[in-house]
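In the numbering used here, the protein residues as written are 64 to 442. To keep things clear, I will list the structure first and then write my remarks on it.
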Ligand SMILES: Cc1cc2nc3c(=O)[nH]c(=O)nc-3n(C[C@H](O)[C@H](O)[C@H](O)COP(=O)(O)OP(=O)(O)OC[C@H]3O[C@@H](n4cnc5c(N)ncnc54)[C@H](O)[C@@H]3O)c2cc1C
């Protein structure tokens, strides 16, 4: 067993850490207020070859592994979780299903622009009446000559305003009284396709979260992604990988909250002593550090299993569940250590908590993760 990062992973970590500190972190507070999408940061990430990091070089990717993707997601999220989720969704929800299930032609056409940073990746699963129960999809695609004609809507879709195309799920028929759900690639400039970007969110304000409305959107039949009727399964498999990204975000946010709490505890004096001299503060920080260490190890293990081509559903779900919950706990404790200042936006720790909350909801809520784990352990 070897707990060291490889040379390549270490190099990626060093590069992205510097970039996160020097380029991403400085504007994070302003972007949280202005809700401005970090387009310039992504231009630079694209120049650095990060936008297709784990995908094959023949599609413009960097051929790196899932651990490297997790490292980049953690570091970006440590600096700015809005940037982190944009990146995570771009790779693990947008690029991944094309990479996993696309034909060679589809990969050339749709994965390559994602890897080159010419299009953001996005993933359309959730609907107004189909959230945790994603199989409750009501969007329909009907056959008409050589085309699919799609009608329906999707909610809370990350990155769609900046995507040239995205894969979404739709009912393509009925089989034995059951819905046949397929995945279809839809260009976002198709006639009848409207993307609405006006949610008022609690956090992750600089990320793009959208509603999609499809009104007789016509796409060629060749835009079917993977096998007809396998769309739901394909999207669930995609989410297994996506959960590694959400877990890495959790580690990044928790690390940022911890770093600030530790620093503040050494500066702030009460009763003639710094907070860090009180044992109760030391114990809080010790617990925070322990949870972060554990969560990071869980992320790396799930990523490693995925790269070995071994089953990783349970580990990804556990990492996602644990990292998102400790991210909330650590952010909460960081606010507590800051006292009244922690409640003020100026000190940034409150942003960590607002951003971390999404991790307990997106890509399967904590309740759904417990259901996934329960199934995996044979309940
Ligand atoms: C900022 C943001 C970005 C997102 N990005 C995307 C994206 O890019 N693509 C995409 O497709 N979706 C995206 N989502 C959607 C997200 O995945 C869903 O919000 C999530 O899966 C939960 O679905 P829901 O909101 O409909 O909640 P519901 O399913 O209505 O759940 C409500 C509550 O009921 C609980 N619950 C539901 N069923 C059960 C059960 N069987 N047992 C116990 N408890 C249960 C849930 O855990 C939750 O606490 C995003 C959401 C947000 C907020």
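Backbone N, C-alpha and C define an ideal beta-carbon position, used for all residues, glycine too. Since the model is a prediction, treat every value here as computed from it, not as a measurement.
(message) Please give me, in chain order, every unbroken run of the beta strand (DSSP E) with length at least 3 that falls completely inside the region 273-309.
(response) none
(request) Please determine if the region 80-87 and the region 138-153 are in contact, where contact requires at least 3 C-beta pairs separated by less than 8 Å. (result) yes
(request) Report yes if the C-beta of residue 181 is less than 8 Å from at least one heavy atom of ligand 1; otherwise report no. (result) Position 118 of the chain shown, counting from 1, holds the residue named residue 181. Outside the cutoff, so no.
(message) Just to confirm, is the Cβ distance from residue 132 to residue 307 under 9 Å?
(response) For the purposes of this step, residue 132 is identified with residue 69 of the chain shown, where counting begins at 1. For the purposes of this step, residue 307 is identified with residue 244 of the chain shown, where counting begins at 1. Their beta carbons are under 9 Å apart, which means residue 132 touches residue 307 by this criterion.
(message) With H, G and I counted as helix, E and B as strand and the rest as coil, what does DSSP make of residue 375?
(response) Numbered from its first residue, the chain shown carries residue 375 at position 312. Of the three classes helix, strand and coil, the one that applies to residue 375 here is coil, per DSSP.
(request) May I ask you to check if the CB of residue 314 is nearer than 8 Å to at least one heavy atom of ligand 1? (result) Here residue 314 refers to the residue found at position 251 when the chain shown is read from its first residue. Not so, every heavy atom of ligand 1 lies at least 8 Å from the Cβ.
(request) Measure the beta-carbon distance from residue 204 to residue 233 and round it to whole angstroms, keeping in mind my assumption that it falls under 8 Å. (result) Locating residue 204 in the chain shown gives position 141, counting from the first residue. Locating residue 233 in the chain shown gives position 170, counting from the first residue. Confirmed, about 4 Å.
(request) Check each candidate in 329, 324 and 361 and name the one with the smallest Cα separation from residue 392. (result) To locate residue 392, count along the chain shown from 1; it is residue 329. Of 329, 324 and 361, the residue nearest in Cα terms is 324.
(message) Using the three-state DSSP reduction, which class does residue 215 fall into: helix, strand or coil?
(response) Residue mapping note: residue 215 aligns to position 152 of the chain shown, counting from 1. Note: residue 215 maps to strand in three-state DSSP.
(request) Would you list the residues sitting across from residue 336 in a DSSP beta bridge? (result) One-based indexing of the chain shown puts residue 336 at position 273. DSSP output for residue 336 lists 333 as bridge partner(s).
(message) Threshold first: 4 residues or longer. Then list the alpha helix (DSSP H) segments lying entirely within the region 390-423, N to C.
(response) 412-420
(request) With DSSP as the reference, label residue 140 as helix, strand or coil. (result) By one-based count along the chain shown, residue 140 stands at place 77. Residue 140: helix per DSSP, three-state reduction.
(request) With DSSP as the reference, label residue 237 as helix, strand or coil. (result) Numbered from 1 along the chain shown, position 174 holds the residue referred to as residue 237. Residue 237: strand per DSSP, three-state reduction.
(request) Take residue 149 as the anchor and find which of 410, 190, 378 and 268 has the nearest alpha-carbon. (result) Against the chain shown, residue 149 aligns to sequence position 86. With distances taken between Cα atoms, residue 149 lies closest to 268.
(request) Would you kindly check if the distance between the Cβ of residue 288 and the Cβ of residue 384 is under 9 Å? (result) On the chain shown, position 321 is the one that residue 384 refers to. On the chain shown, position 225 is the one that residue 288 refers to. The answer is no: Cβ separation not under 9 Å.
(request) List the endpoints of the continuous alpha helix (DSSP H) containing residue 209. (result) Position 146 of the chain shown, counted from the first residue, corresponds to residue 209. Segment: none, residue 209 is in no alpha helix (DSSP H) and carries neither H nor E.
(request) From the DSSP output, in three-state form, read off residue 127 for me. (result) By one-based count along the chain shown, residue 127 stands at place 64. Three-state result, residue 127: coil.
(message) Between which two residues does the beta strand (DSSP E) holding residue 257 run?
(response) In the chain shown, counting from the first residue as 1, residue 257 sits at position 194. Taken as a continuous stretch (DSSP letters only), the beta strand (DSSP E) holding residue 257 covers 256-259.
(message) DSSP three-state label for residue 156, please.
(response) In the chain shown, the residue the question calls residue 156 occupies position 93. When DSSP states are grouped into helix, strand and coil, residue 156 belongs to the helix group.
(request) Taking the CB atoms as reference points, tell me whether residue 235 and residue 292 lie closer together than 9 Å. (result) Here residue 235 is taken as the residue at index 172 of the chain shown, counted from 1. Here residue 292 is taken as the residue at index 229 of the chain shown, counted from 1. Yes, the pair counts as a contact, with Cβ atoms nearer than the cut-off.
(request) Would you mind working out which of 155, 309 and 278 sits nearest residue 183, comparing C-alpha positions? (result) Position 120 of the chain shown, counted from the first residue, corresponds to residue 183. Nearest option by C-alpha distance: 155.
(request) Please find out if some non-hydrogen atom of ligand 1 comes closer than 8 Å to the beta-carbon of residue 424. (result) By 1-based counting over the chain shown, the position of residue 424 is 361. Residue 424 Cβ: within cutoff of ligand 1.
(request) Would you kindly work out how many angstroms separate the C-alpha atoms of residue 284 and residue 424, rounded to a whole number? (result) Looking up residue 284 in the chain shown gives position 221. Looking up residue 424 in the chain shown gives position 361. If you take the alpha carbons of residue 284 and residue 424, they lie about 33 Å apart.
(request) Confirm the yes/no value for this check: CB of residue 202, any heavy atom of ligand 1, distance under 8 Å. (result) In the chain shown, counting from the first residue as 1, residue 202 sits at position 139. No, Cβ of residue 202 sits at least 8 Å from all heavy atoms of ligand 1.
(message) Residues in the same chain with beta-carbon distance under 8 Å from residue 455, minus the five sequence neighbours each way, listed in chain order, please.
(response) Past the edges of the chain, shown from 64 to 442, lies residue 455, and the structure says nothing about it.
(request) Can you say whether residue 95 is buried or exposed, counting buried as having 16 or more other CB atoms within 10 angstroms of its CB? (result) What you label residue 95 is simply residue 32 of the chain shown in a count that begins at 1. So residue 95 counts as buried.
(message) For a test of your reading of the model: does the CB of residue 429 fall under 8 Å from any non-hydrogen atom of ligand 1? Yes or no.
(response) Taking the chain shown and counting its residues from 1, one reaches residue 429 at position 366. At least one heavy atom of ligand 1 is nearer than 8 Å to the Cβ of residue 429, so yes.
(message) Helix, strand or coil for residue 78? Go by DSSP, reduced to three states.
(response) Stepping through the chain shown from its first residue, residue 78 is reached at position 15. Residue 78 falls in the helix class under three-state DSSP.
(request) Tell me whether the beta-carbon of residue 279 lies closer than 9 Å to the beta-carbon of residue 212. (result) The residue labelled residue 279 in the question sits at position 216 within the chain shown. The residue labelled residue 212 in the question sits at position 149 within the chain shown. It is a contact, given that the beta carbons lie within the stated cut-off.
(request) Check the DSSP bridge columns for residue 248 and list the partner residues they point to. (result) Taking the chain shown and counting its residues from 1, one reaches residue 248 at position 185. Bridge partners of residue 248: 230.
(request) Would you give the residue range spanned by the alpha helix (DSSP H) that residue 341 belongs to? (result) Looking up residue 341 in the chain shown gives position 278. Judged by DSSP secondary structure, residue 341 falls outside any alpha helix (DSSP H); it is assigned neither H nor E.
(request) Please report the Cβ distance between residue 317 and residue 390, rounded to the nearest whole angstrom; I am assuming they are in contact, meaning their Cβ atoms lie under 8 Å. (result) Taking the chain shown and counting its residues from 1, the one referred to as residue 317 is at position 254. Taking the chain shown and counting its residues from 1, the one referred to as residue 390 is at position 327. The Cβ separation is near 4 Å, so the contact holds.
(request) Quick one: grab the DSSP three-state call for residue 242. (result) Translated into positions along the chain shown, residue 242 becomes position 179. The answer is strand: DSSP assigns residue 242 an E or B state.
(message) On the DSSP letters alone, give me the boundaries of the alpha helix (DSSP H) that residue 439 sits inside.
(response) In the chain shown, counting from the first residue as 1, residue 439 sits at position 376. Note, residue 439: alpha helix (DSSP H), 429-439.
(request) Could you pull out every residue in the same chain whose Cβ sits closer than 8 Å to the Cβ of residue 374, ignoring the five residues on either side in sequence? (result) Counting from 1 along the chain shown, the entry for residue 374 is found at position 311. These residues qualify, in order along the chain: 368.
(request) Evaluate residue 344 with the Cβ neighbour count: other Cβ atoms within 10 Å of its Cβ, from every protein chain shown; 16 or more gives buried, anything less gives exposed. (result) By 1-based counting over the chain shown, the position of residue 344 is 281. Buried, by the Cβ-count rule.
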